[in-house]
Every structure is written in structure tokens, then in C-alpha cells.
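A.B. asks: Below you will find the structure I want to go over with you.
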Amino acid sequence: MLNTLMDISEAESGAMQLRREPVALGEVVARAVALYHDVADAKGVTLDAATIDEVVVTADRTRLEQVAANLIDNAVKYTAAGGRVDVDVRREAARALLIVRDTGAGIPANELPRIFDRLFRGDRSRTERGLGLGLSLVKAVVEAHAGTVDVSSEPGRGATFTVTLPLDAGGRASR
2 MLNTLMDISE AESGAMQLRR EPVALGEVVA RAVALYHDVA DAKGVTLDAA TIDEVVVTAD
62 RTRLEQVAAN LIDNAVKYTA AGGRVDVDVR REAARALLIV RDTGAGIPAN ELPRIFDRLF
122 RGDRSRTERG LGLGLSLVKA VVEAHAGTVD VSSEPGRGAT FTVTLPLDAG GRASR
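Numbering (the working numbering), first residue to last: 2 to 176.
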């Protein structure tokens, strides 16, 4: 917990050391999906990934793996048996997109503005394990890469998290 809080603080203050290199975003997603595939299967949740485009970003591979893993972990955790988690990577205009969509419980509208706050746990999430730091870390790491993370949700119909990273003229994330 302390390490995660330190990582969030470093990212938010601009002090996080990023080891930037060309990273295939689809490979990052494939690794995270492989990591959670057995958990999803055991829970009866279909976990599927699609890479629409070959998207290479200049980023810290380890940090992007944390982002993908946190988003997939939450999606699987809050999706009931028989549900789906779909992960997509694509390029849209001058942006790289990582989209994690689930058919889970969804997030109430009154909680949406706070889900990226440190230690925030919505009412429904209190029955699941967690510290309320995963989405804070996601936001901090994505912003350290000059990107954004957004969420849309409807209770009972799931949630969609969209990570957007800027692309330079060479098709790579810039900063």
C-alpha cells in the first residue's frame, strides 16, 4: 500500500521516473489479459482482447502494464458469472486508445466523480477486496504519460474505461 501511495504521489508531482521506450500497446494488453484469464475463467467471466490496429507508443512498459492490469482486474472483479470483459486497443486520429469494457454492476452516477480519488471505495465495492488505490494509480500513471483516463457507466449495465495517449507524427505516444 505504501509503495502504491508513493507511486501515485511521484506521478502526480512529476517526479516519477519513466523508462520510455517503444511499446506495442497490444502486447501490454495481451500480457495483462493472460495474467487475469484464469481468474476470469474461474469466475465464469469471458475475458477477450482485440487489437484493432498495431499501436506503438513511447512509454514506460512496466507502468502501462500496471494500468492495463488494474483496469482488467477491476472489470473482472465487478462482473458476475456469465458476464464479459472486452479489452480493445486502437488508434483514433492522433491518439492511442486502450478501452476496457465490462458488463458488470456498473458505477452509480454519484460515485463517478470520485472513483479516481485515493482510497475511495464505492458502496458496491466494499464487498470486494481492495484498498481504493488502483484507479488512482491508473490516473496518475496515464497523466504522467500526458494521457487521460475517462469512465462511462450505467448501473446494472457495466462500465467502460478509456485510456487515451497522444501520438506524435510517427505514430508513437509523445511527451
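Idealized CB from N, CA, C, for every residue including glycine.
Measuring CB to CB, does residue 79 end up less than 7 Å from residue 43?
C.D. replies: Stepping through the sequence shown from its first residue, residue 79 is reached at position 78. Stepping through the sequence shown from its first residue, residue 43 is reached at position 42. The answer is no: Cβ separation not under 7 Å.
A.B. asks: Thinking C-alpha only, which one of 27, 103, 104 is nearest residue 62?
C.D. replies: For the purposes of this step, residue 62 is identified with residue 61 of the sequence shown, where counting begins at 1. If we check each option's Cα against that of residue 62, 27 comes out closest.
A.B. asks: In the DSSP assignment, find the beta strand (DSSP E) that holds residue 87 and state where it starts and stops.
C.D. replies: What you label residue 87 is simply residue 86 of the sequence shown in a count that begins at 1. Counting along the chain, the beta strand (DSSP E) containing residue 87 begins and ends at 85-93.
A.B. asks: Grouping DSSP H, G and I as helix and E and B as strand, with all else coil, what is residue 168?
C.D. replies: Counted from its first residue, the sequence shown places residue 168 at position 167. Residue 168: strand per DSSP, three-state reduction.
A.B. asks: Rounded to the nearest angstrom, what separates residue 1 and residue 85 at their Cα positions?
C.D. replies: Given a span of 2 to 176 for the chain in the structure shown, any question on residue 1 remains unanswerable.
A.B. asks: In whole angstroms, what separates the C-alpha of residue 116 from that of residue 23?
C.D. replies: Residue numbering aside, residue 116 sits at position 115 when the sequence shown is read from its first letter. Residue numbering aside, residue 23 sits at position 22 when the sequence shown is read from its first letter. If I take the Cα positions, the gap works out to 30 Å.
A.B. asks: Please state the DSSP three-state secondary structure of residue 152.
C.D. replies: Locating residue 152 in the sequence shown gives position 151, counting from the first residue. Residue 152 falls in the strand class under three-state DSSP.
A.B. asks: From which residue to which residue does the beta strand (DSSP E) around residue 59 run?
C.D. replies: Within the sequence shown, the letter at position 58 stands for residue 59. Per DSSP, residue 59 belongs to the beta strand (DSSP E) from 57-61.
A.B. asks: Using beta-carbon positions only, say whether residue 139 and residue 68 come within less than 7 Å of one another.
C.D. replies: Your numbering for residue 139 matches position 138 in the sequence shown. Your numbering for residue 68 matches position 67 in the sequence shown. A contact, by the Cβ cut-off of 7 Å.
A.B. asks: Is residue 127 helix, strand or coil when you go by DSSP?
C.D. replies: Taking the sequence shown and counting its residues from 1, one reaches residue 127 at position 126. Below a pLDDT of 50, predicted positions are generally treated as unreliable, and residue 127, at 39, falls in that range; the measurement from the model is reported next regardless. Residue 127: helix per DSSP, three-state reduction.
A.B. asks: What does DSSP give as the partner residue(s) for residue 162 in the beta ladder?
C.D. replies: Numbered from its first residue, the sequence shown carries residue 162 at position 161. Its beta-bridge partners are 101, 152.
A.B. asks: Taking C-alpha atoms, which residue in 154, 157, 167 lies nearest to residue 143?
C.D. replies: The residue given as residue 143 occupies position 142 in the sequence shown. Of 154, 157, 167, the residue nearest in Cα terms is 167.
A.B. asks: Identify the residues that DSSP records as bridge partners of residue 22: which are they?
C.D. replies: Counting from one through the sequence shown, the residue named residue 22 turns up at place 21. Paired residues: 60.
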